[in-house]
Each structure stands twice: as C-alpha cells, then as structure tokens.
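Colleague: Numbering (the numbering used here), first residue to last: 83 to 323.
I'd like to ask some things about the structure below.
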C-alpha cells in the first residue's frame, strides 16, 4: 500500500496552522505569542532539515566586530564553524556559518516583509572570511562565501487571497540584494519560492493546502544548490583578540 505524501503533509500543515492559531487566539501578550510561534517553526525546521544543519535563534557576528540584529531562526553550520558564545539560549554565530535566516510573524503583510528584509540585510552586510583547507585530496582553493537565504514565516496572510501573489511581487521586487527575500510561508495556506533570473523576479506559488511541504522542499532544494559554507578563517578572529 502506497503512502499519500500529499495528504501526509497537508495534515501536518493543518496541525501547524492549528497550533499557531491557538497561540494567537489564547495568548494575549505579544511577546509570549511571538515566542510560541517562533518555537513551533523552530521545532518544525529542526525536525526536517538534515543533521548537518543547526537551527537556533541567534545574533550573527563577524571577525571585525560587526553584529546583526537578533534573528528569529538561523540555519547554520557546525562542521566548519564554532558556536562563538552561548548562555541561557542566547547565541553568537559567526557569519561564515550561516546558510539562511528567517523571521517569524503572525501575518504576511508589507510591514512584516520589510521588517524581514531589514533583518536579512543586517546579516548579509557582515564581513565573511574564507580559507583554503587540506583534506585527503590535498589543499582546496579558497571558496567564496555562499549567498545567504532569507525568508518570512507566518501564521496567516493579511491580503485578500486572489491578490496575494501580486501583492507579494510588488513588495519584494524593489528590494536590493542585501534585503532579498527568497522564501515565504503562511502556515494556513500558501508558500512562495522567489528567485531572480537576469534581474527579473520569478515567483513560484504553492497550492493552498500544500504550502508547508512546498516551503520545506523548496528550502531543501535551495540548500542543496548552495552546497557547503566556506571554511572560516580562524586567524581573522584571533587577530581581533
């Protein structure tokens, strides 16, 4: 007997949407409500991405003393890069380790898109090092830093359904390279994979009942296409001491 993957993920989407709606309906304090939403998305990503990736709330730093704003969800590497600092759930992660950053909000709207774009820019503008490494095949050349993905994860969509894609396109098309939003997912309906080809924005949209699985596999595909982060130049951090 075959498994119905579409129904499996549709049910998981309904479960996540219900949990997020419960938090929105019954938790009055906005900070507490946001914390619950962040935790739901955090546990979802942690349970889905391959073990080589870590997912945490964190602040991203660089070897020159720069730091990002606080990021709701950072997807990062621990094979090539250390966790610089951690205490009671607060983390500093080196910019070289970052694959993707996500902001978590209650609704998809223009304000929250701009907010997520600003958070992404605070990470992408950081200085990233790279260094040649030696393995069984010899010394590899210096690898340039990978592009950092960014996205927005929400409970619902604020715009009227027929115009969602049009509204999203309008608000992301004018973002500069540091602010680019690559993935958007609303737990109760649609997800979007946003790409640019020769300067033109290309928007792929899920069906309303498969937004979650569309987002998750689009994200995995993006991670595959990125490959592995560039090895960190530890001497740059040592020189800052």
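Cβ coordinates follow ideal geometry from the N, Cα and C atoms, glycine included.
Hey, would you say residue 319 sits closer than 9 Å to residue 290, going by beta carbons?
Modeller: Not closer than 9 Å, so no.
Colleague: Alpha carbon to alpha carbon, how far is residue 140 from residue 154?
Modeller: Taking the straight line from one Cα to the other gives about 7 Å.
Colleague: Can you tell me the Cβ-Cβ gap for residue 268 and residue 239, rounded? I've got them flagged as a contact below 8 Å.
Modeller: Yes, they are in contact, since the Cβ atoms of residue 268 and residue 239 sit about 5 Å apart, within 8 Å.
Colleague: Taking the Cβ atom as the reference point for each residue, do residue 194 and residue 310 lie within a distance shorter than 9 Å?
Modeller: No, Cβ-Cβ distance for residue 194 and residue 310 is not below 9 Å.
Colleague: So, for residue 315: in the same chain, excluding its five sequence neighbours on each side, which residues have a beta-carbon less than 6 Å away from its beta-carbon?
Modeller: Same-chain partners within the cutoff: 211 and 213.
Colleague: Please return the same chain residues whose Cβ sits closer than 6 Å to the Cβ of residue 313, not counting the five positions on each side in sequence.
Modeller: Only 162, 213 and 215 meet the Cβ criterion.
Colleague: Could you say which of 293, 89, 206 and 178 lies nearest to residue 225 if we only look at CA atoms?
Modeller: Measuring from the Cα of residue 225, the nearest candidate turns out to be 178.
Colleague: Can you tell which of 232, 276 and 217 has its C-alpha closest to the C-alpha of residue 197?
Modeller: Per the Cα distances, 232.
Colleague: How about residue 206 and residue 260: do their beta carbons lie closer than 9 Å?
Modeller: Yes, they are a contact pair.
Colleague: From 93, 83, 317 and 223, pick the residue whose C-alpha is nearest to that of residue 293; which is it?
Modeller: Comparing Cα-Cα distances from residue 293 to each of 93, 83, 317 and 223, the minimum goes to 93.
Colleague: With DSSP run on the structure shown, which of helix, strand or coil describes residue 272?
Modeller: Note: residue 272 maps to coil in three-state DSSP.
Colleague: Using 8 Å for Cβ pairs, my map puts residue 234 next to residue 185. What's the rounded Cβ distance?
Modeller: At roughly 5 Å, the Cβ-Cβ gap stays under 8 Å, so residue 234 and residue 185 are in contact.
Colleague: Per the DSSP calculation, residue 173 is bridged to which residue(s)?
Modeller: 168, per the DSSP bridge assignment.
Colleague: Name the DSSP beta bridge partners of residue 233, please?
Modeller: In DSSP, residue 233 forms a bridge with 184 and 265.
Colleague: What does a CB cutoff of less than 6 Å around residue 167 pick up in its chain, not counting 5 residues either side in sequence?
Modeller: Same-chain partners within the cutoff: 174.
Colleague: What is the residue span of the alpha helix (DSSP H) that residue 252 lies within?
Modeller: Its alpha helix (DSSP H) spans residues 246 to 254.
Colleague: Roughly how many angstroms lie between the CA atoms of residue 296 and residue 321, to the nearest whole one?
Modeller: Each residue's alpha carbon lies about 44 Å from the other.
Colleague: Per DSSP, which one or two residues make a beta bridge with residue 137?
Modeller: Its beta-bridge partners are 157.
Colleague: Along the chain, where does the beta strand (DSSP E) containing residue 283 start, and where does it finish?
Modeller: Start and end: 282 to 287.
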